[in-house]
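In our numbering, the protein residues as written are 30 to 464.
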């Protein structure tokens, strides 16, 4: 089967959507499919294109056996609501010619668009319909909802117009998948037929990310000992995470709990601001984006992990870092409203606290720092969930089967699986609900 994937992010970017796009294509290739990709040059999370990629536009190269073609794109130095729209529009325009060329010359059987960027997805479904190819949209993030709920865009009339455009694009695809059941429900609220929707989680390699010793090279480099407690945030540092709350909690605990240390690892447009807020506080440590071969050590460094998500982002996205946290057998403190998808995922594998409440965060950190047995129990439950719900090979294989028409799960089967779900978790078969 020939598969053409169109998405704004791809390897060598290491985090976010790029990681999953690349691993999906590599896994499909391993399953025996031919795969091509049309994407932008790497720029995330630094929002800066490396000089070497500016001379390679529209050239095709092989990355681990996948043919990848990159198109020019506008990348704002300081991303805001308005210039993000231009950013996505630029990829929609420059990706259209190679999409059309590959569609007509190569004749893919399946055309996959990944949101972000939704703007470029519209042309993918248009071409697929006329070519007779199956069209599949995979939603990593509800861009329109996030832009307005997080205050990046504010015009109510613009929101109504963009939601109408979004609905038209969503309905134009044969299948639409997203990364959590709460996000699937949001697709249905937006008017999609349940038979067209699917849950396809962001996966984790549970062999590569596994339980390990706390005493890693990172503790050695930061001069942290066995008795020090580490609260770790690893990921993008942008507006929606609410990382200022972590800084505030760290400052609040610095005098009373000097043995608790906070590590923030990653990159993003808000990192310099966070470093300014943390300046002079010895219990707060910043690391850059870590290489893949060190990631398991980074995860193991933590006594527990932090997901400080803003209230406005609830169920707009299920943080993909959760799978890695669970796989590392470490508990998590997650900011989420009760009843949200994130809260349901974390319950009994960590603590759920109200978003935006730094006092609640301080209390939760103190609770876990003083309860090693509770940390161990939560970590063991998280590891079980990683194996049941987030395993890469199982999820990608089922996606491959769905695209070839070999592994379709009917609505009746979905209902049976849902009824079989226990309060503590779900089966591997329920990790991906296919249309």
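Backbone N, C-alpha and C define an ideal beta-carbon position, used for all residues, glycine too.
request  = Give me the Cβ distance between residue 128 and residue 95, rounded to the nearest whole Å; I'm assuming they're in contact under 8 Å.
outcome  = No, residue 128 and residue 95 are not in contact; Cβ-Cβ is about 16 Å, not under 8 Å.
key: Residue of 115, 131, 110, 242 minimising C-alpha distance to residue 177   = 110
Of the listed residues 256, 402, 333, nearest to residue 390 (C-alpha basis) = 333
inquiry  = Closest to residue 376 by C-alpha separation, out of 363, 205, 358, 152, would be which residue?
reply    = 363
Start and end residues, beta strand (DSSP E) containing residue 227 = 226 to 229
message = Tell me the DSSP secondary structure of residue 428 in three-state form.
response = If DSSP states are grouped into helix, strand and coil, residue 428 belongs with the helices.
query = Along the chain, where does the beta strand (DSSP E) that runs through residue 171 open and close?
reply = Looking at the DSSP string, residue 171 is not in any beta strand (DSSP E), and its letter there is neither H nor E.
inquiry  = Do residue 100 and residue 27 count as a contact pair if the criterion is CB distance below 8 Å?
reply    = Here the chain has residues from 30 to 464 only, and residue 27 is not among them.
ask   = Under a three-way DSSP split, which group does residue 379 fall into?
value = strand
ask   = Going by the C-beta, is residue 74 closer than 7 Å to any heavy atom of the ligand FMN?
value = Summarising the ligand content, the structure contains no ligands, and the ligand FMN is consequently not present.
request  = Return the CA-CA distance between residue 422 and residue 429, expressed in angstroms with no decimal places.
outcome  = 11 Å
inquiry  = By the DSSP assignment, the beta strand (DSSP E) with residue 409 in it spans what residues?
reply    = Where residue 409 is concerned, there is no enclosing beta strand (DSSP E), although the alpha helix (DSSP H) around it starts and stops at 401 to 418.
ask   = Roughly how many angstroms separate the alpha carbons of residue 23 and residue 307, rounded to a whole number?
value = Residue 23 is absent from the model: the chain starts at 30 and stops at 464.
ask   = Taking Cβ positions, are residue 235 and residue 378 nearer each other than 8 Å?
value = Going by beta carbons, residue 235 and residue 378 fall outside the 8 Å limit.
message = Ignoring anything shorter than 3 residues, give me the beta strand (DSSP E) runs that lie fully in the segment 224 to 265, in order along the chain.
response = Qualifying beta strand (DSSP E) stretches, in chain order: 226 to 229, 258 to 263.
Extent of the continuous alpha helix (DSSP H) to which residue 123 belongs = Unbroken alpha helix (DSSP H) run through residue 123: 110 to 135.
inquiry  = Buried or exposed, going by whether 16 or more other CB atoms sit within 10 Å of the CB of residue 135?
reply    = exposed
CB of residue 147 within 8 Å of CB of residue 172, strictly = yes
key: Residue from 36, 187, 427, 43 whose Cα sits closest to the Cα of residue 122   = Here the closest residue by C-alpha is 36.
query = Taking C-alpha atoms, which residue in 225, 206, 194 lies nearest to residue 166?
reply = 206
ask   = Since residue 328 and residue 301 are thought to touch, with beta carbons under 8 Å apart, how far apart are those beta carbons, to the nearest angstrom?
value = The Cβ separation is near 25 Å, so there is no contact.
request  = Starting from residue 57, follow the beta strand (DSSP E) in both directions and report where the run begins and ends.
outcome  = Careful: residue 57 lies outside any beta strand (DSSP E), inside the alpha helix (DSSP H) at 46 to 59.
key: Cβ neighbour criterion (16 or more within 10 Å) applied to residue 410   = buried
request  = List the residues that DSSP assigns as beta-bridge partners of residue 63.
outcome  = 31
inquiry  = For a test of the three-state rule: what should DSSP assign to residue 330, helix, strand or coil?
reply    = In the three-state reduction of the DSSP assignment, residue 330 falls in the helix class, which pools H, G and I.
ask   = What's the C-alpha gap between residue 319 and residue 331?
value = Going from the Cα of residue 319 to the Cα of residue 331 covers about 15 Å.
key: Under the three-state DSSP convention, the category residue 324 falls into   = Helix.
ask   = When the Cβ atoms of the segment 232 to 250 are set against those of the segment 203 to 217, are three or more pairs found closer than 8 Å?
value = no
task = Measure how close the beta-carbons of residue 338 and residue 270 come, nearest whole angstrom, since I'm counting them as under 8 Å.
result = 7 Å
Beta-ladder partner(s) of residue 357, from DSSP = Residue 357 pairs with nothing; no bridge assigned.
request  = Tell me, please, which residues DSSP counts as bridged to residue 68.
outcome  = 99
key: Proximity to residue 157 [Cα-Cα], best of 40, 394, 31   = 31
task = Can you tell me which of the three DSSP states residue 196 falls into?
result = helix
message = Considering only DSSP beta bridges, list what residue 335 is partnered with.
response = 362
key: Assigned secondary structure, residue 104 (DSSP; H/G/I helix, E/B strand, else coil)   = coil
ask   = Would you call the segment 389 to 409 and the segment 270 to 286 touching, i.e. three or more CB-CB distances under 8 Å?
value = yes
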